[in-house]
Amino acid sequence: MRVLEGLKPERVFYYFEELTRIPHGSGNTDAISEYCVKVAERLGLEHWKDEFNNVTIIKPASVGYEAAPAVIIQGHLDMVNEKTAESSHNFETDPLKLRIVDDWIWATDTTLGGDDGIAIAYALAILEDTSLQHPKLECLFTTEEEVGMEGAVGYDASRLTGKYLLNMDSEEEGIFLTSCAGGIRYHLHLPIRRIESEGNVVTLTLSGLMGGHSGVEIDKGRGNADMLLGYVLNRLAEKFVFGLISVNGGFKDNAIPREASAELMIDAGQCEALKSAVRGLETALQADFAGIEEGLTLTVSEPEERTVAFMHPEDQQKVLFILMQAPNGVQAMSMNIPGLVETSLNLGILSTTETEVNLAFAIRSSVENRRDALGAKLANLITYLGGTYDTAGAYPAWEYRRDSALRELMLQTYRDVYGKEPEIQAIHAGLECGLFGKKIPGLDMISFGPDMRDIHTPQERLCISSVQRVWEYVVEVLRRMK
Ligand SMILES: [Zn+2]
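Taking our numbering, the leading residue of the sequence shown gets 1, the next gets one more, and so forth.
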């Protein structure tokens with residue numbers, strides 16, 4: 001029994017449901033990749049699969065479209081596996097449990113994988129349908145998009161001939177993405193020497209912040225717990241002598257940290273005064289973030305007599321310096337697209353070992369030079385302080401293209417089909433388009449898709465009528481690409 005039986009476009013929903021029966025979380029793409037290969041074999045279409053499980057399927061141009069440039073239709077095979085706390089779903093073995101509620105498809109207690117299974121379903125339905133008119137199609141299904149885009153990074157694009165790329169990995173119908181941020185991670189290491197001593201240790205904790213995605217939520221004015229902790233320590237150092245033992249906060253470099261704490265050794269006689277200073281700072285911070293961070297709290301624990309090794313004063317000073325001086329948050333807004341953050345960074349993880357304080361930053365920019373310039377700034381800062389750094393996970397930006405024949409065609413078709421004006425947007429986060437733009441010089445790209453809500457969560461859902469409208473729209477776009 002098919003849950004989606006009877007929904008139109010029939011073959012899109014048929015393939016979508018098929019995909020939800022094959023477990024395909026990131027890192028587990030053998031079976032779904034093989035499924036796509038089987039479809040290509042059945043349809044008698046040229047295809048290949050690479051070592052990353054990326055699948056490419058070619059469909060020749062329909063009659064009369066032989067002279068038109070090829071079009072790449074692209075989406076990713078892997079999905080984010082998330083389930084509710086109560087769910088016993090096994091993502092390695094179980095098919096998703098689909099259900100329809102009004103105009104929406106849900107998966108009971110789990111993510112649905114509409115992101116980005118719907119793109120694969122559209123492409124397979126297009127490949128199968130011999131009644132459609134279109135140029136040569138190169139359908140490209142990538143892997144591990146959700147965990148660093150390894151499929152797209154490793155993909156050999158030399159066999160592709162497409163001049164246009166339709167990326168179907170967006171979640172709002174009528175909104176067309178035309179640019180995305182590139183990124184890089186910087187890990188800074190500041191060496192510390194320690195002095196062993198016995199004394200009063202207190203823990204300072206800043207908590208209750210909103211946090212959020214370090215790209216799309218970086219412009220919401222939210223507090224970064226690590227940076228705020230650094231600020232608090234600096235203000236306390238104006239009045240108190242203390243020995244810093246550790247600073248810690250955050251788990252992911254691409255999430256804004258919600259909580260951070262520091263351990264410090266301080267004279268027993270100073271503890272009451274410290275408490276009152278902390279209360280004053282808490283009140284000031286709460287006022288600073290009124291209307292944004294309603295849950296912000298800053299507390300200090302009761303002192304505890306212990307033998308510990310605190311940081312050498314010179315090293316402690318450097319730790320306080322970098323937490324006060326490191327750039328963080330929005331650095332520049334786009335001059336091309338109003339409201340878009342162009343360049344930002346986020347201190348996501350602050351951690352302390354015996355011998356080092358480590359800071360992990362995620363930098364993003366839709367202008368690659370600015371991404372690199374900001375990285376150079378962090379490198380300069382840490383090197384000056386006698387520390388070291390390394391970088392990881394660099395991916396290119398997809399820069400906004402002033403002249404785009406594809407964008408014009410997509411927008412005009414949208415107006416003609418829907419009778420309303422579409423929206424052009426850019427996102428301050430990564431898309432695979434950045435990588436393809438690098439691999440295929442001059443590639444004209446756009447990203448779009450049907451309505452989805454709450455992707456990457458067990459509340460993920462896909463809008464049925466939107467899938468239908470976007471199908472009709474894509475078919476018409478391809479028909480106009482003569
Ligand atoms: Zn996606």
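Heads up, the beta-carbon is just placed ideally off N, CA and C, and yes, glycines get one too.
To the nearest angstrom, how far is it from the Cα of residue i to the Cα of residue j?
i           : j           : result
residue 203 : residue 266 : 11 Å
residue 172 : residue 450 : 6 Å
residue 465 : residue 8   : 9 Å
residue 316 : residue 292 : 31 Å
residue 383 : residue 183 : 21 Å
residue 104 : residue 463 : 5 Å
residue 405 : residue 390 : 40 Å
residue 41  : residue 124 : 12 Å
residue 18  : residue 68  : 32 Å
residue 186 : residue 423 : 34 Å
residue 447 : residue 333 : 21 Å
residue 408 : residue 443 : 15 Å
residue 220 : residue 313 : 36 Å
residue 241 : residue 193 : 18 Å
residue 89  : residue 460 : 15 Å
residue 475 : residue 129 : 11 Å
residue 372 : residue 392 : 13 Å
residue 207 : residue 261 : 8 Å
residue 494 : residue 117 : In this structure the chain extends from 1 to 482, so residue 494 is not present and cannot be described.
residue 403 : residue 178 : 11 Å
residue 167 : residue 30  : 22 Å
residue 339 : residue 100 : 36 Å
residue 211 : residue 387 : 28 Å
residue 93  : residue 320 : 49 Å
residue 281 : residue 255 : 25 Å
residue 114 : residue 455 : 8 Å
residue 119 : residue 401 : 24 Å
residue 253 : residue 345 : 10 Å
residue 418 : residue 227 : 47 Å
Buried or exposed: which applies to residue i, given that a residue is buried once 16 or more other Cβ atoms fall within 10 Å of its Cβ?
i           : result
residue 361 : buried
residue 251 : exposed
residue 325 : exposed
residue 147 : exposed
residue 318 : buried
residue 81  : buried
residue 106 : buried
residue 225 : buried
residue 458 : buried
residue 545 : Outside the modelled stretch of the chain, which goes from 1 to 482, sits residue 545, for which no answer is possible.
residue 258 : buried
residue 421 : exposed
residue 322 : buried
residue 181 : buried
residue 102 : exposed
residue 412 : exposed
residue 20  : buried
residue 38  : exposed
residue 369 : exposed
residue 1   : exposed
residue 426 : buried
residue 197 : exposed
residue 343 : buried
residue 441 : exposed
residue 263 : buried
residue 416 : exposed
residue 215 : buried
Contact defined as beta carbons within less than 8 Å: I believe residue i pairs with residue j. What is the distance between those atoms, to the nearest angstrom?
i           : j           : result
residue 437 : residue 471 : Not really, about 26 Å apart at Cβ, beyond 8 Å.
residue 76  : residue 169 : 6 Å
residue 143 : residue 151 : 3 Å
residue 190 : residue 357 : 5 Å
residue 140 : residue 4   : The Cβ separation is near 25 Å, so there is no contact.
residue 59  : residue 165 : Rounded, the Cβ-Cβ distance is 15 Å, inconsistent with contact.
residue 341 : residue 428 : 4 Å
residue 71  : residue 481 : 6 Å
Quick one: does the C-beta of residue i sit closer than 7 Å to a heavy atom of ligand 2?
i           : result
residue 243 : Looking for ligand 2 in the displayed structure turns up nothing; the ligands present are ligand 1.
Against chain D, does residue i count as a neighbour if the rule is that its beta carbon must be under 8 Å from one of theirs?
i           : result
residue 246 : Of the protein chains in the structure, only one exists, and it is not chain D.
Between the stretch 52 to 66 and the stretch 151 to 160, can you find at least three pairs of beta-carbon atoms closer than 8 Å? yes
Measuring from each Cβ to the nearest heavy atom of ligand 1, keep the ones under 6 Å and list them in chain order. 76, 115, 116, 145, 169
Three-pair Cβ contact test at 8 Å for the stretch 258 to 275 versus the stretch 191 to 205: yes
Sufficient close CB pairs (3 or more, under 8 Å) joining the stretch 370 to 389 to the stretch 277 to 295: no
How do the stretch 230 to 241 and the stretch 361 to 370 stand: do at least 3 beta-carbon pairs fall below 8 Å, yes or no? no
Decide if the stretch 236 to 250 is in contact with the stretch 342 to 354; the criterion is three or more beta carbon pairs, one per stretch, under 8 Å apart. yes
I want to know whether the stretch 56 to 66 touches the stretch 106 to 118 - three or more CB-CB distances under 8 Å. no
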